[in-house]
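> Here it is, the structure, as structure tokens.
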Amino acid sequence: MQMRPLRVFLLGVCVCAGLLAGLASTAVAEGNGLALTPPMGWNDWYSIYCGVNAQLVEQTAQEMVANGMKAAGYDYVNIDDCWMAGSRDASGNLVADPTRFPDGIKPVADYVHGLGLKLGIYEDAGTTTCAHFPGSFGREAQDAATFASWGVDYVKYDRCNIPYSEFPGESEQQVQQILYTRMSNALKATGRDIVFSMCNPDLGDDPWLWGAPISNLWRTTTDIQDNFGSMLGNFEGTVGLYRDAGPGAWNDPDLLQIGNGGSSLLEYTSEFSLWAEMSAPLIASTNLAGLTPAERAIYENSGVIAVDQDPLGQQGVPISSAHGLWVLTKKLSGGGRAVVLFNSTNTATTIATTATAAGLPGRHVYRLDNLWTREVSQTGGAISAFVPGHGVAMFTVTALAKRHAVALAPQTVLSLTAAAPQLGSGRSTTVYESFANNGVSEVKRVSLSLSAWPGWQIKRLGRARLPLLEGGQHFTVAYRVTAPAAGPPLAISLFTGAASYDPHRGRRTASAKLGETVASPVGSPLRTTDVTTHPASFGASGRALAISSRGVGVFNPPFGAPPTDSYAAIYEHAKARRSSVAQVTVTSDPAGGTSGGAGLIERGDMTAPKGSREAVALFISSNATIVMAWNGSGGAAVDQHFTVPSVTVRAPVALRLVRKRSHYTGYYSLDGGDTWQTVDTVTVAANASAGAQDVGVFHASGLPTWTTTARFRDFRIR
Ligand code: GLA
304 MQMRPLRVFL LGVCVCAGLL AGLASTAVAE GNGLALTPPM GWNDWYSIYC GVNAQLVEQT
364 AQEMVANGMK AAGYDYVNID DCWMAGSRDA SGNLVADPTR FPDGIKPVAD YVHGLGLKLG
424 IYEDAGTTTC AHFPGSFGRE AQDAATFASW GVDYVKYDRC NIPYSEFPGE SEQQVQQILY
484 TRMSNALKAT GRDIVFSMCN PDLGDDPWLW GAPISNLWRT TTDIQDNFGS MLGNFEGTVG
544 LYRDAGPGAW NDPDLLQIGN GGSSLLEYTS EFSLWAEMSA PLIASTNLAG LTPAERAIYE
604 NSGVIAVDQD PLGQQGVPIS SAHGLWVLTK KLSGGGRAVV LFNSTNTATT IATTATAAGL
664 PGRHVYRLDN LWTREVSQTG GAISAFVPGH GVAMFTVTAL AKRHAVALAP QTVLSLTAAA
724 PQLGSGRSTT VYESFANNGV SEVKRVSLSL SAWPGWQIKR LGRARLPLLE GGQHFTVAYR
784 VTAPAAGPPL AISLFTGAAS YDPHRGRRTA SAKLGETVAS PVGSPLRTTD VTTHPASFGA
844 SGRALAISSR GVGVFNPPFG APPTDSYAAI YEHAKARRSS VAQVTVTSDP AGGTSGGAGL
904 IERGDMTAPK GSREAVALFI SSNATIVMAW NGSGGAAVDQ HFTVPSVTVR APVALRLVRK
964 RSHYTGYYSL DGGDTWQTVD TVTVAANASA GAQDVGVFHA SGLPTWTTTA RFRDFRIR
């Protein structure tokens, strides 16, 4: 995987302030008149991968009608890779796999059309698809005609196995332009309305720079996974490309994961909001029949869908992103704006902007429609929300005559902040509870309170009631809070703030939750080191350890590239002697990126990862595989790795690293240490295998912008 360079976004932020007033879309659509708003629908890939078949497609189409998704605007039913037979027929025509699609594709298209929906299919610009079925290279016109004859309405066109060597002197991007243009023209020549979706998101492809004249959408980022880190990576890789999208030509950060079980409802809500704000295609890639009512409600949120489908087709623009707190604004056809406040960090916090910063005219009162809570309120200009970590608040904002404002309740925000976000056990800090009135009318009889989990002491430091709070004012109460004296290595406790008040008519309540990390300090003989760019947290309680950090990993593929060590570790100094055994059980292994992980590491000097040579690491990777990485060449970093094939694991997993001079054998156990499987025996270069090495546990979240916590127990060395 590669992450889209952040540079793309930064460029966007620098210029966006000046553009907000009347941002014009510069994208030129291909003019097939299709996808004038971002496509909506379903694609099988992430629900079943190569398991697609006619029955699934038809049942999903039925489900879309029955569950309300069709009515909500979802109309494409898209088949991804693996629908084909392994070879073409005698005339060179593509044929569907006879067991998956016994009657071919046409009857499936007819069935889908009969329900008022449309059918999409998958092909590839190369000689074979990514899953090695026949590609369209050299057969573009024939395949386009086949698709049209079947009644296909949408083609996703991939970039695997393109024979670049047949185009001497052309860059890969140029070859892609040639081949994607061929298919685009071939589809047009059929005379059928077929949406053309390019799937070529690899480093350097940059399809947003050249895709608009020939296609309706193009992938911006690598294949998404159902976890917050992956979603965040694809968001960050797309959010800066707002100038390249417009009606008929959209940035595609990949298929929606809502329903696949790897993220929380809050995270799925963020995904849906961010995709809509970015005018991204809303294509669900999950088993629709298995959606919970709450997941379905996300897919069917009409307010958020309307933002995505706004006819102006302007992708939302980032106004700010400092410290992972994002403010985005999207101009809507009625003159309003859709504002998303997205908290990509792990800690709840207030995110604030103003109506004028969002691009609305000044000197007004504004109506705020909260698209998730459905509350309607008025503000004098401030737009803010207390947003949980990984969560969003999403509003549409419209200017309002003052006389209309009085009919609405003022927007109020209850928020909590801790002076120190992390405490040692038994230590104290101050928590501030603040109630803001963003409206233009007063709020009466405000009363605030704070509670915490058992074991905490709370002392209020001022009055908790206020008879009257004017518009534009806030009321803050401070509390001295003291953490319980003893606990696990790193624990998150929740504070709950509660407010009651009279906004308008009747009494209302609000609540807010804030997590506070309590760490049991790491003491001798254990030491800590943090070679990431964002401060890590460490905790130890006996032989149970925890590390909360962000960082790319102990190595960053491709091997051979300069080392980009970024991880945090708890270790013992010079404890891995020439003959030694290190062991730990990883009890939580948060996934993310492709190079993150948690496990054991040995190196000459743990505090100098760029100076001392890395020796060996044995860990659970963010793909839930067991990986052993080692320094075979004697260079600065690990340059070899081995992944246990066909094994994916879930914590707890025990890891054991046995050293005999420069030979290391890795083992893992999935049954609490009763039975051990060998990972590999490797030989580390002599100069990377010091006499007595530092040895410890490490954690890397896999992404530089994402903090996760790994937990370990029974760390021992002998
Ligand atoms: C690539 C694409 C995915 C999916 C698979 C199918 O990885 O990026 O979206 O289509 O191929 O093989």
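Just so we're aligned: 371 in the numbering used here is position 68 of the sequence shown, and the numbers increase by one with no gaps anywhere.
Don't be surprised by glycine CBs; every beta carbon is placed ideally from N, CA and C.
Owing to the predicted nature of the structure, the values given are computational and were not obtained by experimental measurement.
From Leu1006 to Phe531, what does the alpha carbon distance come to, in whole angstroms?
Using only the alpha carbons, I get a separation of about 11 Å.
> Does the beta carbon of Tyr460 fall short of 7 Å from some heavy atom of the ligand GLA?
no
> What separation, rounded to the nearest whole angstrom, lies between the Cα atoms of Thr450 and Pro342?
The sequence shown places Phe at residue 450, rather than the Thr named in the question. The straight-line gap from Cα to Cα measures roughly 19 Å.
> Using DSSP's beta-bridge definition, name the partner residues of Leu751.
Ala802
> When burial is assigned at 16 or more other CB atoms within 10 Å of the CB, is Tyr967 buried or exposed?
buried
> According to DSSP, Ala655 sits in a beta bridge with which residue or residues?
Ser687
> Under 7 Å: does the beta carbon of Thr432 sit that close to some heavy atom of the ligand GLA?
Relative to the ligand GLA, Thr432 has its C-beta within less than 7 Å of a heavy atom.
> Less than 7 Å separating the Cβ of Gly384 from some heavy atom of the ligand GLA?
It is worth fixing the name first, because residue 384 is Asp in this sequence and not Gly. Yes, the beta carbon of Asp384 sits closer than 7 Å to at least one heavy atom of the ligand GLA.
> Can you tell me which of Ala685, Ser624, Leu719 puts its alpha carbon nearest to the alpha carbon of Thr650?
Out of Ala685, Ser624, Leu719, Leu719 has the C-alpha closest to the C-alpha of Thr650.
> Taking Gly818 as the reference, give the member of Ile761, Gly758, Gln725 with the closest Cα.
For the residues Ile761, Gly758, Gln725, the minimum Cα distance to Gly818 belongs to Gln725.
> For Arg485, does the three-state DSSP call read helix, strand or coil?
helix
> Report the residue from Arg546, Thr820, Arg846, Gly472 whose alpha carbon sits nearest the alpha carbon of Ala839.
Thr820
> Between the beta-carbon of Gly999 and the beta-carbon of Ile904, is there less than 8 Å?
yes
> Going by C-alpha to C-alpha distance, which of Ala489, Cys353, Ala592, Gly507 sits closest to Asp400?
Cys353
> Cα-Cα, which of Lys633, Thr682, Tyr457, Met372 is closest to Val704?
Here residue 704 is Ala; the residue named in the question, Val, does not match the sequence. The candidate whose alpha carbon is nearest that of Ala704 is Thr682.
> Taking 7 Å as the cut-off, is the C-beta of Asp526 nearer than that to any heavy atom in the ligand GLA?
yes
> Please work out which residues of its chain come closer than 7 Å, Cβ to Cβ, to Gly863, disregarding the five sequence neighbours upstream and downstream, and give them in chain order.
Note on Gly863: pLDDT 46, under 50, position unreliable in the model; the coordinate value appears next. Within the same chain, Gly863 has close Cβ partners Asp942.
> Look at the alpha carbon of Met931 and the alpha carbon of Gly900, and state the distance between them as a whole number of angstroms.
11 Å
> Count the other C-beta atoms from every protein chain shown that fall within 10 angstroms of the C-beta of Pro806, then say buried if there are 16 or more, exposed otherwise.
buried
> Thinking C-alpha only, which one of Leu751, Ala789, Met697 is nearest Gly727?
Ala789
> Going by beta-carbon coordinates alone, are Thr659 and Gly684 separated by less than 8 Å?
For Thr659 and Gly684, yes; Cβs fall inside 8 Å.
> Between His876 and the rest of its own chain, which residues show a CB-CB distance below 8 Å, the 5 nearest in sequence each way excluded?
Pro828, Arg830, Met909, Asp997
> Which class does His626 belong to by DSSP, given the choice of helix, strand or coil?
Helix at His626.
> Which stretch, first to last residue, makes up the beta strand (DSSP E) that contains Ser500?
498-502
> Specify the secondary structure class of Gln886 as computed by DSSP and reduced to three states.
In the structure shown, Gln886 sits in a strand (DSSP, three-state: E or B).
> Please classify His693: is it buried, with 16 or more other beta-carbons within 10 angstroms of its beta-carbon, or exposed?
By the Cβ neighbour-count rule, His693 is buried, with 16 or more other Cβ atoms within 10 Å of its own.
> Hey, quick one: how far does the beta strand (DSSP E) through Ser915 stretch, first residue to last?
From DSSP, Ser915 is part of no beta strand (DSSP E); its letter is neither H nor E.
> Would the region 519-527 and the region 978-993 be scored as touching if the rule is three or more Cβ pairs under 8 Å?
no
> For the ligand GLA, I want to know if Trp348 counts as a neighbour, meaning its beta carbon is within less than 7 Å of at least one of the ligand's heavy atoms.
yes
> If you draw a straight line from the C-alpha of Ala609 to the C-alpha of Ile586, how long is it?
15 Å
> Please identify the residue among Lys762, Leu771, Gly371 whose C-alpha is closest to the C-alpha of Arg748.
Leu771
> Can you tell me whether Gln560 is helix, strand or coil according to DSSP?
coil
> Taking 7 Å as the line, does the beta carbon of Tyr457 fall inside it for any heavy atom of the ligand COA?
Here the bound small molecules are the ligand GLA; the ligand COA is not part of this structure.
> DSSP state of Asp529, grouped into three classes?
coil
> Is DSSP giving Gly818 helix, strand or coil here?
strand
> Cutting at 6 Å between CB atoms, please list the residues of its own chain near Phe470, excluding the five before and the five after it.
Val478
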